[in-house]
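**Student:** My structure is below; once you've seen it, I'll send some questions.
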Amino acid sequence: SYPNVTLIRDALKKASFKADCAFWDMYEAMGGENSMPSWVFAEPPLAEKDFVHFTVRGSRIIAQMFYRALMLEYNGYVKKQGNLKEKDEEKVQYSYRKN
């Protein structure tokens, strides 16, 4: 990993929480420190050899991980609010599994 990645991530996280915004840690979702080589050298590759950009396949995986994390938190929030009926929850979960 680049030396300042965790410092930048930590600053973004702190600013997000201070602004009462959600924060998703893509760095940790990918595997944390020094995880990029496993994405670059995966078969087929999930990241480019510049160790910065994702391939199309890698981008889709990141998007799926983000979507799943977002929906998990959303469902938890709505359930906590008591606004999600069991039938509606099944629809949301089906949509989540489909993507």
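Take the sequence shown: its position 54, counted from the start at 1, is 54 in my numbering, and no numbers get skipped.
We put the beta carbon where it would ideally sit given N, CA and C, even for glycine.
In this text the structure is predicted, and so the values were computed from the model without any measurement.
1) Taking a contact to mean a Cβ-Cβ separation below 8 Å, would you say I61 touches M26 in this structure?
2) Would you check if the distance between the CB atom of A47 and the CB atom of G58 is smaller than 8 Å?
3) Using the C-alpha atoms, what's the distance from L7 back to K79?
4) For the segment 31-79, which segments carrying the beta strand (DSSP E) assignment without a break, of at least 3 residues, lie completely within its bounds, in sequence order?
5) With the cut-off set at 8 Å, would you say M65 and A29 are in Cβ contact?
6) Leaving out five residues on either side along the sequence, give the residues of the same chain with a beta carbon under 8 Å from the beta carbon of V40.
7) Using the Cα positions of E33 and S1, report the straight-line distance between them to the nearest angstrom.
8) Just the Cα atoms here: how many angstroms apart are F54 and G82?
**Tutor:** From the atom records:
1) Counting from one through the sequence shown, the residue named residue 61 turns up at place 61. Counting from one through the sequence shown, the residue named residue 26 turns up at place 26. The answer is no: Cβ separation not under 8 Å.
2) Residue numbering aside, residue 47 sits at position 47 when the sequence shown is read from its first letter. Residue numbering aside, residue 58 sits at position 58 when the sequence shown is read from its first letter. Yes, Cβ-Cβ distance for A47 and G58 is below 8 Å.
3) Position 79 of the sequence shown, counting from 1, holds the residue named residue 79. Position 7 of the sequence shown, counting from 1, holds the residue named residue 7. Cα atoms of K79 and L7: separation of roughly 34 Å, rounded to the nearest angstrom.
4) none
5) Here residue 65 corresponds to residue number 65 of the sequence shown, with the count starting at 1. Here residue 29 corresponds to residue number 29 of the sequence shown, with the count starting at 1. Going by C-beta atoms, M65 is nearer than 8 Å to A29.
6) One-based indexing of the sequence shown puts residue 40 at position 40. Contacts found: L46, A47, E48, K49, F51.
7) Reading the sequence shown from its first residue, position 33 is the one you call residue 33. Reading the sequence shown from its first residue, position 1 is the one you call residue 1. Cα-Cα distance, rounded: 6 Å.
8) For the purposes of this step, residue 54 is taken as residue 54 along the sequence shown, with counting starting at 1. For the purposes of this step, residue 82 is taken as residue 82 along the sequence shown, with counting starting at 1. Each residue's CA atom was taken as its position, placing F54 and G82 some 39 Å apart.
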